[in-house]
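Heads up: the protein sequence lines correspond to chains W and E, in order. Using this note's numbering, you'd call the opening residue of the first sequence number 1 and step up by one each time. Using this note's numbering, you'd call the opening residue of the second sequence number 366 and step up by one each time. Using N, Cα and C, we set each Cβ at its ideal position, and we do this for glycine too. These notes are about the structure you will find just below.
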Amino acid sequence: MSETLLSLQSISASMAGREILKSVSMEVRLGEFFSLLGPSGCGKTTLLRIIAGFLQPNQGKLLWCGSDATHLPPQRRDLNLVFQNYALFPHLNVFENVAFGLRMQKLPEDLVVSRVAEALSLVRMNQHARRRVTELSGGQQQRVALARAVAPRPKLVLLDEPLGALDLQLRKEMQWELKTLQRQLGMTFLYVTHDQEEAFAMSDRIAILNAGRLEQVASPEELYSRPASRFVAQFIGTANFIPAEKTSLDHARCLNSNHHFLLHETNAEVLPENYPINGDILVRPEQIILKKKQTEELKSLSGVIQMRQFLGATVRYHVELQGNHKRTLTIDQSSAGHEPIATGEHVSMLIINPSSSFFSESRLT
Amino acid sequence: MVNRTSRLKKIGILVWSILLLFILYCPVLFLVVFGFNASSYALRWEGFSLRWYEKTLENPEMLSALFNSIMVATVSTCFAVVIGFLYALWSHRQQNKKIAAAGDSLMSLPLFMPEIVIAIGLLVVVSQIFRPAASNIGIPLDSMGSIILGHTTLALGYAALVLRNRFKCYDLQQELAAIDLGATPRQVFFRVMLPQLVPGFAAASCLSFAVSLDDFYVSYFLSTGGSSLQTLPIYIWSLQGRRAMTPEINVVSSLLLFIAAFFFAAGLLLSRIDATGKQSGKDHL
Numbered sequence: 001m002s003e004t005l006l007s008l009q010s011i012s013a014s015m016a017g018r019e020i021l022k023s024v025s026m027e028v029r030l031g032e033f034f035s036l037l038g039p040s041g042c043g044k045t046t047l048l049r050i051i052a053g054f055l056q057p058n059q060g061k062l063l064w065c066g067s068d069a070t071h072l073p074p075q076r077r078d079l080n081l082v083f084q085n086y087a088l089f090p091h092l093n094v095f096e097n098v099a100f101g102l103r104m105q106k107l108p109e110d111l112v113v114s115r116v117a118e119a120l121s122l123v124r125m126n127q128h129a130r131r132r133v134t135e136l137s138g139g140q141q142q143r144v145a146l147a148r149a150v151a152p153r154p155k156l157v158l159l160d161e162p163l164g165a166l167d168l169q170l171r172k173e174m175q176w177e178l179k180t181l182q183r184q185l186g187m188t189f190l191y192v193t194h195d196q197e198e199a200f201a202m203s204d205r206i207a208i209l210n211a212g213r214l215e216q217v218a219s220p221e222e223l224y225s226r227p228a229s230r231f232v233a234q235f236i237g238t239a240n241f242i243p244a245e246k247t248s249l250d251h252a253r254c255l256n257s258n259h260h261f262l263l264h265e266t267n268a269e270v271l272p273e274n275y276p277i278n279g280d281i282l283v284r285p286e287q288i289i290l291k292k293k294q295t296e297e298l299k300s301l302s303g304v305i306q307m308r309q310f311l312g313a314t315v316r317y318h319v320e321l322q323g324n325h326k327r328t329l330t331i332d333q334s335s336a337g338h339e340p341i342a343t344g345e346h347v348s349m350l351i352i353n354p355s356s357s358f359f360s361e362s363r364l365t
Numbered sequence: 366m367v368n369r370t371s372r373l374k375k376i377g378i379l380v381w382s383i384l385l386l387f388i389l390y391c392p393v394l395f396l397v398v399f400g401f402n403a404s405s406y407a408l409r410w411e412g413f414s415l416r417w418y419e420k421t422l423e424n425p426e427m428l429s430a431l432f433n434s435i436m437v438a439t440v441s442t443c444f445a446v447v448i449g450f451l452y453a454l455w456s457h458r459q460q461n462k463k464i465a466a467a468g469d470s471l472m473s474l475p476l477f478m479p480e481i482v483i484a485i486g487l488l489v490v491v492s493q494i495f496r497p498a499a500s501n502i503g504i505p506l507d508s509m510g511s512i513i514l515g516h517t518t519l520a521l522g523y524a525a526l527v528l529r530n531r532f533k534c535y536d537l538q539q540e541l542a543a544i545d546l547g548a549t550p551r552q553v554f555f556r557v558m559l560p561q562l563v564p565g566f567a568a569a570s571c572l573s574f575a576v577s578l579d580d581f582y583v584s585y586f587l588s589t590g591g592s593s594l595q596t597l598p599i600y601i602w603s604l605q606g607r608r609a610m611t612p613e614i615n616v617v618s619s620l621l622l623f624i625a626a627f628f629f630a631a632g633l634l635l636s637r638i639d640a641t642g643k644q645s646g647k648d649h650l
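Here is the structure:
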């Protein structure tokens, strides 16, 4: 495990009497691409401002390379921000914008020139050094803002939804570029976004923030397959919750069929004598195989097709679950070699995931 | 047919425009032309001559009035721009937008008040409060000082509004970016904020200067206390009181017109320059 760069310890913040962050603790490791993901209003921008030093937490500590930096002024923090609206200096040209941080460090002029050239070539903007920033396109301004942040070679770069203002195509390109840039520089990136796909495309690890509370910090793979809460399960990708009862620490039984599930052993919050407990099993859309119903099969769930959407690589079905617990499930079938099933047909569903996550009813959302 | 009517329409508009411009500018036009009059009477044309220009530009009384006007305008412009800047800074940083809007209204209201009312008000406050207060601490507030004070209050509204508008295209997030990159508050002020406000300062200065040059009422009422002081408009006023009004009055008026128009025009043009130094299409004033 690599070295910890930044460590937040029970950070709480409130503004105008409203609690915005509730005891957030997490660690950012040196050299990783770390994302802070959450719906708008979850407190991620506040957390970013606390890390940058523009806001002070009401409680908690911020450790930088192991030493307390909670009250360090923003000028003295070895990190730079890329703002959502870029916040470039309109009276300076591209070169001077990128040079700003270096000039503040009072570096000799030749070093400034070479560092700016280096930063601009990293973002492929070296041909535009003498242009006015107001003449640049959104994507170009974004690159200049990025170069300005990395030119002083900070330990950490904070990015506040930097791709939010760009169109979809450019955003995809920039995701790739950002990730490549971060690898090349070996810098730690802390990326704030509300876009799950964006976070997944770039991050080594992601922290999920909801209503001021940290839900889970994990790799994208783990978040997807082992979400720690219903919120995470629903926020990351598409989630189907199938009624089930948990019968032991690592077993659950489907209530609509005879399905048995092996569980991740992470949610061991109930004492053994309380089993069985009612709740739901998480099943992702691609973990179900649909078949036209022929005979009554004990092991499978049955349902009726409500809608079919052709999405290219996959065909998406909305299926109403039959039985005591009616629900609508979202099921993806690979479109290769798939024979379409018409709306209104009865189907049987085979769940193919070997292990699953269980959420008890008491922990609804 | 269509072509002919549209051509007629165009000619009609042209004639109308010329007529309108003539109505608007004929007083100024006649004034300037009658400055080049050979006659000894201001209102009688007797042929072209530079005689009165020569005479006027050598007149020590006129020159001292001109000097006074420029002196008063310069000092009051400095005061108005600095105070106006502090106001604009406060207003821009004000979190409560309603308070900022109320401030803006209060600042611009005097621009629409009858100037003579302001002048009389100033006379009262200067003679009753400022002058006794100043002499109490040993500084005699002469008429120059009083007029500077008066012109500062006149120009303040213009300076504040121009700078306030300039601030509207200044994004406060830049300051966070600068601080984040290691700038001290001082460096933020001098390297980020001030350079972007330069056109605003220039515009506010020009307008304040022109307002001060133009002013008659305030100068007239405040020049009487203690030693009397003549600014250019007061000097022009005194010329018409004399028995024979010579073309000198046209010449001095023309001079005042040229100077004031220059500063007004410069002020208006400068207020349209955006932060990057380019002319922007939008009129920010």
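Inclusion of residue 60/W and residue 10/W in the CB contact set at 8 angstroms is warranted, their separation being smaller than that value. Nearest neighbour of residue 638/E by Cα position, chosen from 567/E, 559/E, 518/E and 588/E, turns out to be 567/E. Close partners of residue 101/W in chain E (Cβ separation under 7 angstroms): 546 and 547. Rounded to whole angstroms, residue 313/W and residue 336/W show a C-alpha spacing of 7 angstroms. Within the region 453-531 of chain E, the complete alpha helix (DSSP H) segments of 4 residues or longer fall at 462-473, 480-490 and 496-501, listed in chain order. Contact annotation: residue 442/E and residue 573/E have beta-carbon atoms nearer than 8 angstroms. Assignment of residue 425/E by DSSP, reduced to helix, strand and coil, places it in the helix class.
Using a Cβ distance threshold of 8 angstroms, residue 81/W and residue 52/W count as a contacting pair. DSSP lists 18/W as the bridge partner or partners of residue 15/W.
The residue from 250/W, 350/W, 240/W and 261/W with its alpha-carbon nearest to that of residue 292/W is 350/W.
As DSSP reads the structure, residue 328/W sits in a beta bridge with 320/W. DSSP places residue 183/W in the uninterrupted alpha helix (DSSP H) bounded by 168-185. For residue 34/W, the enclosing beta strand (DSSP E) has its first and last residue at 33-37. Looking from the CA of residue 176/W, the closest CA among 132/W, 201/W, 133/W and 135/W belongs to 201/W. Classified as exposed, residue 387/E has fewer than 16 neighbouring CB atoms from the shown chains inside 10 Å of its CB.
Chain-ordered listing is empty here: chain E has no CB closer than 9 angstroms to the CB of residue 313/W, the nearest sitting near 41 angstroms.
Within a 10 Å sphere around the beta-carbon of residue 245/W sit 16 or more other beta-carbons, which makes this residue buried. The beta carbon of residue 52/W sits closer than 8 angstroms to some beta carbon of chain E. Only those residues of the region 103-114 of chain W whose C-beta falls short of 9 angstroms from the nearest C-beta of chain E are listed: 103, 104 and 105. Those residues of the region 453-465 of chain E placed with their C-beta closer than 9 angstroms to a C-beta in chain W do not exist. Runs of the alpha helix (DSSP H) lying entirely within the region 214-239 of chain W and spanning at least 4 residues, in chain order: 220-225 and 230-235. Put simply, the region 109-119 of chain W does not touch the region 192-209 of chain W. Fewer than three CB pairs are less than 8 angstroms apart. Out of 92/W, 236/W, 321/W and 37/W, the CA that lies nearest to the CA of residue 346/W is found in 321/W. Within chain E, 544 and 545 have C-beta atoms less than 7 angstroms from the C-beta of residue 74/W, given in sequence order. Taking residue 330/W as the centre and dropping the five residues before and after it, the same chain places the C-beta of 238, 240, 285, 316 and 318 closer than 7 angstroms to its C-beta, in chain order. Interface criterion met: the Cβ of residue 560/E is under 8 angstroms from a Cβ in chain W. Between residue 216/W and residue 223/W, the C-beta spacing is below 8 angstroms. Proximity of chain W to residue 527/E at the Cβ level (cut-off 7 angstroms) is not reached, the minimal Cβ distance being about 18 angstroms. For residue 617/E, the enclosing alpha helix (DSSP H) has its first and last residue at 613-635. By the Cβ-count criterion, residue 28/W is buried, with 16 or more other Cβ atoms from all chains shown falling within 10 Å of its own Cβ.
Near chain W, meaning a CB-to-CB distance below 8 angstroms, no residue of the region 487-510 of chain E qualifies. Per DSSP, the continuous beta strand (DSSP E) segment holding residue 292/W begins and ends at 288-292. Here residue 274/W is exposed: its Cβ has fewer than 16 other Cβ atoms, across all protein chains shown, within 10 Å.
In this structure residue 338/W is exposed. Its beta-carbon is surrounded by fewer than 16 other beta-carbon atoms within 10 angstroms. For residue 21/W against residue 46/W, the beta-carbon gap comes to about 6 angstroms, under 8 angstroms, which counts as contact.
Taking a Cβ-Cβ cut-off of 8 angstroms, residue 605/E has no neighbours in chain W, whose nearest Cβ is about 49 angstroms from it.
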